[in-house]
Each structure stands twice: as C-alpha cells, then as structure tokens.
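**Student:** Be aware that the sequence shown starts at 1, since it is given in this note's numbering, and climbs by one per residue.
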Amino acid sequence: MIDVVVIGGGPAGMSAALVAGRGKNQVLLIDEEKPRNAVTHETHAFLTRDRIKPEDFRKEGRRDLLNYPTISIKNDKILFIEKTLENSFKLTTESRETIQTKNIVLATGVKETLPDVKGIEQYYGNSIFSCPFCDGWEMKDRPLVLIAESIQAIHVAKLLKNWTDDLIVATNGNSVFTAEQKKVLEINNIRLIEESIVELKGTGGELQSIVFENGEENSRSGGFCTTVLDTNFPFVEQLGIEVNEAGFIVTDMMGHTNIKGIYAAGEITGPSQLIVSASQGHMAGAGIIADSCEEAFQEI
C-alpha cells in the first residue's frame, strides 16, 4: 500500500508530494499533464522563478521530486476512487492499474470556460489574460479591454485601473452592471460597451482591435477576461467531500477535507496564484505527516 497518492502535478501537487516524501512517506504523484497555464509563455510573481516558462517550471519541479527515493511520478488519469473497509482508498487509473493508498491529496486545479467570443482562444495567454496579479505588469500602460460577462466585472475593472488609464469594459451583450456600478466606471473614466463582440482582430495572438455588433471598432493592444471556473475533479460528490457555494472544496489550513484521509490544495479549493497553490500543497503535505505521527502515538 502506498502512503500518499497526489492527484495533479501543478505547483500544489508537486509541493504536497515533496513535503510528504521528505517525511519518509511513499508518495505517488499522478498527473494527466494538462496544465491550465499551458497557454501562457511565462509564469510571473513566483519568487526565484519569475518569468520562467510553465513547462520549465514543471520540469524543474519534477526534477526536485525525483531526487527522493520515496517519490515517484506516473503520467496517467484516475478513473475510479472508492473507499475501502480498511480506511484506505482504491484508485483505478486509465491504464487499468489499481492502487491502494492511505491518503489522497487532490490538486487537480480547475477547468475554465472563456467568454463566448469567437476566436478568443487564439489570443488567450498571448495578449488576453484572466489574472491581473499574474500578468498585469506585462500589460501595463497599454490600451486594454476587459471582456466580462459576469458580475465579477466591476471588481476586475477596479484592479485593472491600477495598471492602465486606458481601459474599456466590454460585456459582450450582457447586462452585468448596476446603475451605481456604471456610475463608478464613468467617474473613473472607464468606458462601458454593452454591445455584442463580433470579432477580435490581430496577428500572431496579439490583439489589435475589437469589432462590435453596432459596427464600432476599438483599437486595443491587449486585455483581460473573466472566466467561469469549475473544479477539475469528478469524484467530489461520490466521495462526500464538502464544497462551498462556488463549488470549491472546503479545507482547513492544513488541507484537511471533511473526509478522513483526503486532503486538497491549490485551485480546487478556490482561485489562487501559483505561489499560493504551492504553499497550500506544502501545508497539505505537512498535514499528512502531522496526522500520521499523531496516529502513531495514539497506538502506543
């Protein structure tokens, strides 16, 4: 039986595996190799790794893990998880391997849905982003657009005003602002366009302008968008794991869920930056060590 199975190989999963493995636990990290940040060219605001390419971040992380004989990595997908009578878990992978473990760390991140704008995928990660804290510096002082179809729009608009004085907010035909919020935008010289977007123009992933349904074309050299996030883990309900109103897994600061032996870290517990996810993974790994030590003393 394996002591710990970590599902997900991003910063949260790798950090959890590293800490748990250093605690003399046999750890298996299982990863589908489908990172959400694969569309971006650089990772930002991660101390000592600022501007590193996402694929290089993952390679270096895996290299760190494989320095330890207690840690192994498998590229695979979990198909089934069931709780056994022995207070452990049986996992079945896509390669039809069966794995028995005492502890699981869920670090599968989230799936995101982009705004319903034709062609936005070719700009996303190049000149349109979702996180101002991650990519605001690279887009600073440019004429930007915020494409926002949800009530998050007002909050993101306030943030983006920190990086540019030339900002328009486009709701793509949706009414997401109250009269009071519209007044706030106007006072702060942020133009609101509620027409549907019919085209994004640009070359090589670099946005140049936006065309609206009324024929208006507005020059923009980049922007941000709000996305819809969904936990990237299909077994939450089956296992009885508690989630909050937004659908994210509820944990304490040590990564404990309401199910004994199941921990969670990273964006599966809520949107966060890479460095925060890594920290949460570290705490989950530490939580596993602390719990196993506590149980060992109780058995004496």
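Built from N, CA and C at the ideal position, the CB exists for glycine as well.
Under DSSP, the alpha helix (DSSP H) around GLU295 begins and ends at which residues?
**Tutor:** 274-298
**Student:** Are ILE99 and LEU28 close, meaning C-beta to C-beta below 8 Å?
**Tutor:** yes
**Student:** ILE187: buried (16+ other C-beta within 10 angstroms of its C-beta) or exposed?
**Tutor:** exposed
**Student:** Closest to GLU33 by CA distance: which of GLY109, ILE259, PHE248 is it?
**Tutor:** GLY109
**Student:** Any idea which residues DSSP pairs VAL4 with across the strands?
**Tutor:** VAL27, ASN103
**Student:** Where does GLU33 sit, in a helix, a strand or coil, going by DSSP?
**Tutor:** coil
**Student:** In terms of residue numbering, what span does the alpha helix (DSSP H) encompassing LEU239 cover?
**Tutor:** 236-239
**Student:** Could you check which residue in PHE177, ALA153, ALA170, LEU146 has the C-alpha nearest to that of THR164?
**Tutor:** LEU146
**Student:** Based on DSSP bridge pairs, tell me the residues matched to ASP230.
**Tutor:** LYS111
**Student:** Please name the residue or residues paired with LYS83 in a DSSP beta bridge.
**Tutor:** Per DSSP, the beta-bridge partners of LYS83 are PHE89.
**Student:** Can you give me the C-alpha to C-alpha distance between VAL228 and LEU114, rounded to a whole angstrom?
**Tutor:** 7 Å
**Student:** Sort GLU112, MET283, PHE297, ILE168 by Cα distance to ALA20 and report the nearest one.
**Tutor:** MET283
**Student:** With distances taken Cα to Cα, identify the nearest neighbour of LYS182 among GLY61, GLU206, ILE151, ILE262.
**Tutor:** ILE151
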